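Worksheet: the structure to be examined is printed underneath.
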Amino acid sequence: MNRWMLAALTMCALTASAGDNFEPQAAVRVQLLGAQLKAALQGSMAAGGPVAAIDTCQLQAPAIAAGLTESGWSVGRTSERLRNPANKPSPELMALLREYAANSELPARATLLEDGSKLYVSPIKVGPLCLNCHGTELQPEVQRQLSLRYPEDQATGYQAGDFRGLFWVRYQPQ
Ligand code: HEC
9 MNRWMLAALT MCALTASAGD NFEPQAAVRV QLLGAQLKAA LQGSMAAGGP VAAIDTCQLQ
69 APAIAAGLTE SGWSVGRTSE RLRNPANKPS PELMALLREY AANSELPARA TLLEDGSKLY
129 VSPIKVGPLC LNCHGTELQP EVQRQLSLRY PEDQATGYQA GDFRGLFWVR YQPQ
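Just add 8 to the spot in the sequence shown (first one is 1) and you have my numbering.
The following block contains the structure:
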């Protein structure tokens, strides 16, 4: 997806109100979050390799998520094995993470929470690109940078195809 398509999708999808359209709108937000992260990652990997791209993940991932957060909507990523403790799952997300970890073929889905908000989750799988920073054999400089920035990093040791975590979208009626 290129920048213009992303921009057009954003405008069409995000100007509608949540109402009963929660699930399709949440799905668009997940697509936008995933596509923007991937574009940022691929760009910086091509320009400076995985060490430089760590900056991108650290600085841009929260900024991209923040850009998709407005009027009742919030988005993010979470995992059972965290790199950044700020991505810690809520109790509801923890329960969903366990379900998907047991069966990562489960499709994305929406649930209604007790407080009246709606939560949509979509599973994230590890692809070959991800192994540069989440795999078993990291370049020494990548490992060094990760240990410096994330002393409690649990997000290495993955293999391609593994379940990594969830994209989540929450809508809290205002
Ligand atoms: C260049 C290194 C790098 C690559 C490549 C990379 N990541 Fe990450 N990943 C990070 C960093 C750094 C963070 C912490 C971001 C932050 O501080 O919010 C992170 C965080 C995450 C998180 C959030 C949960 C957590 O553990 O904090 C998920 C999910 C994730 N990555 C999945 C992926 C997937 C899937 C891929 C492949 C498409 C990928 N990553 C590729 C470095 C990388």
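We put the beta carbon where it would ideally sit given N, CA and C, even for glycine. Given the structure is predicted, the values throughout are model-derived calculations rather than measurements.
Asked                                                                                              : Found
Ligand 1 heavy atom lying under 7 angstroms from the CB of A54                                     : no
Candidates E160, C141, R152, R157: closest to R172 by CA position                                  : C141
Own chain residues within Cβ distance below 8 angstroms of S125, not counting five before or after : R178, Y179, Q180, P181
8 angstroms Cβ cutoff met for V83 and L104                                                         : no
Whole-angstrom C-beta distance between R152 and Q66, which should lie under 8 angstroms            : 14 angstroms between Cβ atoms; not a contact.
Whole-Å CB distance - L146 paired with T164, under 8 angstroms assumed                             : 7 angstroms
Nearest-angstrom Cα separation, counted from S52 out to I62                                        : 9 angstroms
CB contact flag (P93, S112, <8 angstroms)                                                          : no
Check: S87 C-beta below 7 angstroms from any heavy atom of ligand 1                                : yes
Residue environment, L121, which counts as buried when at least 16 other CB atoms sit within 10 Å  : exposed
Where T23 falls, given that 16 or more other Cβ within 10 Å makes a residue buried                 : Here the model assigns T23 a pLDDT of 47, short of 50, so the residue's position is not dependable, and the following value carries that caveat. Classification of T23: exposed, given that the 10 Å Cβ count is below 16.
7 angstroms CB neighbourhood of E209 in its chain, flanking five on each side removed              : Past the boundaries of the shown model lies residue 209; the chain is included only from 9 to 182, so the question cannot be answered.
Inter-residue CB distance, D170 and R91 (contact presumed, cutoff 8 angstroms)                     : 14 angstroms between Cβ atoms; not a contact.
G51 beta carbon near ligand 1 (any heavy atom closer than 7 angstroms)                             : no
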